[in-house]
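Visitor:
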Amino acid sequence: MKAAVFHAAGDVRVEQVPEPPPPGPGQLLIRVSKAALCGTDSAEWDHGPLLAKPPVVLGHEFTGTVLAAGPGTAGFAPGARVVSGAGISCGTCEWCVAGRTNLCASYQTLGLHRDGGLAELVVSPASICRQVPDALDDAAAAMAQPLAVALHAARRGRAGSGRSCAVIGAGGIGAFIVAAAVGLGADPVIAIDVADGRLETAAALGAVVTVNTEREDGAAAVRAATGQQGAHVVIEASGVPASPAAALAMVRRGGDVVLVGLQSHPVPVNLFALSTREVDMHGTLAHVCAEDLGEAVSLLANTPLAEAVLGDVISLDDLVEGGLRPLAERKARGKIVVDVAGSVLSARSVQEDGNAANASAEPCRDNSPRPRCVCVLLPRPARPGDQHGAEPVVRYPRTWKGCRRARRCAAPGLPETR
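Heads up: the sequence shown runs through residues 2 to 419, numbered per my numbering.
(1) Relative to the C-alpha of R278, which residue among V252, L300, C290 and R32 is closest?
(2) Can at least three beta-carbon pairs, one atom from the region 110–124 and one from the region 62–70, be found at a separation below 8 Å?
(3) One question on the structure: do T74 and Q28 come within less than 9 Å of each other, judged by their Cβ atoms?
(4) Between A435 and P147, what straight-line distance do the alpha-carbon atoms span, to the nearest angstrom?
(5) Report the rounded CA-to-CA distance for G219 versus V183, giving the unit in angstroms.
(6) Report back the beta-carbon spacing between V18 and V58 to the nearest angstrom; my notes put them in contact at under 8 Å.
(7) Could you name each continuous alpha helix (DSSP H) segment of 4 residues or more that falls completely within the region 295–325, going from the start of the chain to the end?
(8) Could you tell me which of A329, D42 and V310 sits nearest to V179, measuring between CA atoms?
(9) What did DSSP end up calling T64 once you bin it into helix, strand or coil?
(10) Whose C-alpha, out of L104, A225, S34 and D12, is nearest the C-alpha of S316?
(11) So, are the CB atoms of A291 and G49 less than 9 Å apart?
(12) Skipping 5 residues on each side, what residues in its chain have a beta carbon closer than 6 Å to that of G335?
(13) Below 8 Å on the Cβ atoms is my contact criterion, and I expect C166 with H114 to pass it. Report the Cβ-Cβ distance as a whole number of Å.
(14) According to DSSP, is A221 helix, strand or coil?
(15) By how many angstroms is the C-alpha of A333 removed from the C-alpha of G175?
(16) List the residues that DSSP assigns as beta-bridge partners of I129.
(17) Do A302 and L137 have their C-beta atoms closer together than 9 Å?
(18) Measuring alpha carbon to alpha carbon, tell me which of P24, L30, T41 and D47 ends up nearest D12.
(19) Starting from R32, follow its DSSP beta bridges and name the residues at the other end.
(20) Who are M282's beta bridge partners in DSSP?
(21) Let me confirm a value: R157 is counted as buried when at least 16 other C-beta atoms fall within 10 Å, else exposed. Which label applies?
(22) Consult DSSP for L200 and reduce its assignment to one of helix, strand or coil.
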């Protein structure tokens, strides 16, 4: 099967690898449809291995269809659409027994320690999978895992009804945290960033106050929005060295600070203020599937989050140049999603018939400054909302190089790819 394998820093190869074995007890064999990219993926490619144990298939944010289910997987019949969490825990250590499975003594992550979802097929424990409702398309469903991470972080700070929440860093995971805080009932939610575009996205997700710290003082703006008291919870999601100190300046007495952004070096923190104002500072790690993943799926199905944050939809073959490199260079705009199933279908269609039987080729309309590609139109089942009389198709680039926005290049009068 086709998969993206991390071998070393700067060495991620899309190559043929053996298919996984049949699923064992409690396991699902999933045919991957879409996989979203994370900063962890790009960091491993750029300067890893950090957490990864190469060679390993990357990808811990993915959705697909159950191909086969092992014993003890009631509720997951073949054909079911599912999302998977990322972390695999033992279920028996003291942290697992306490419900904190993300702190498991033998915790492993798909895409880092075990082969992940940037592949045609992946095996995942049924216990960390949730079914996807029909109303949620695959590109959106692939974002369930990062939203679960955001929900866990927001819960660590006790974000919820009657509590104000400030989020430092509205790009990447920060946008998901804004949506999570709003979903948990925090009010007001205040988004803080240096980029107006990211702040506009945060506003679309429910942030009622946005602060560009290149133009105004962040702490003063938070105090102004909270009756001069400061926010009940401040979630630092930027990883900028000065941000933990800024978070302490924004939080009210007795409030909570959650550190999501990882720091590569020690940073100064005013421990005197931490102690004398009884501020609680929390770390946060991954998510707890039992608490977070199902709610993430529900939020995605009932909010504009996916539409607001979705960026490029790329092929598996364009993973490095279209996904990992832009993320590593901080040039990515929005959440990058890999159309794994589309990549495989397109390659197989062209390989089996150079003329793409039952398909037609047209110039790509992605308006990209990069070289145009040739798209293949393949029939698909009709869906509600299709235009009357229009043949429903899915558009897959026959030559992916140069087509970074395939999801949006449907010809006029034809439904978009989903």
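C-beta: ideal position from N, C-alpha, C; glycine also.
Guide: Per the coordinate set shown:
(1) V252
(2) Enough Cβ pairs lie closer than 8 Å, so yes.
(3) Q28 is positioned such that its CB atom lies closer than 9 Å to that of T74.
(4) What is shown of the chain runs 2 to 419, which leaves residue 435 out entirely.
(5) 20 Å
(6) So it is a contact: roughly 7 Å between Cβ atoms.
(7) 306–310, all fully within the region 295–325.
(8) V310
(9) strand
(10) S34
(11) Going by C-beta atoms, A291 is not nearer than 9 Å to G49.
(12) V310, L311 and G312.
(13) Their Cβ separation, rounded to whole angstroms, is 33 Å, which puts C166 and H114 out of contact at 8 Å.
(14) Correct three-state label for A221: helix.
(15) 14 Å
(16) DSSP lists no partner for I129.
(17) Contact: yes.
(18) It is D47 whose Cα lies nearest to the Cα of D12.
(19) T66 and L122
(20) V258
(21) buried
(22) helix
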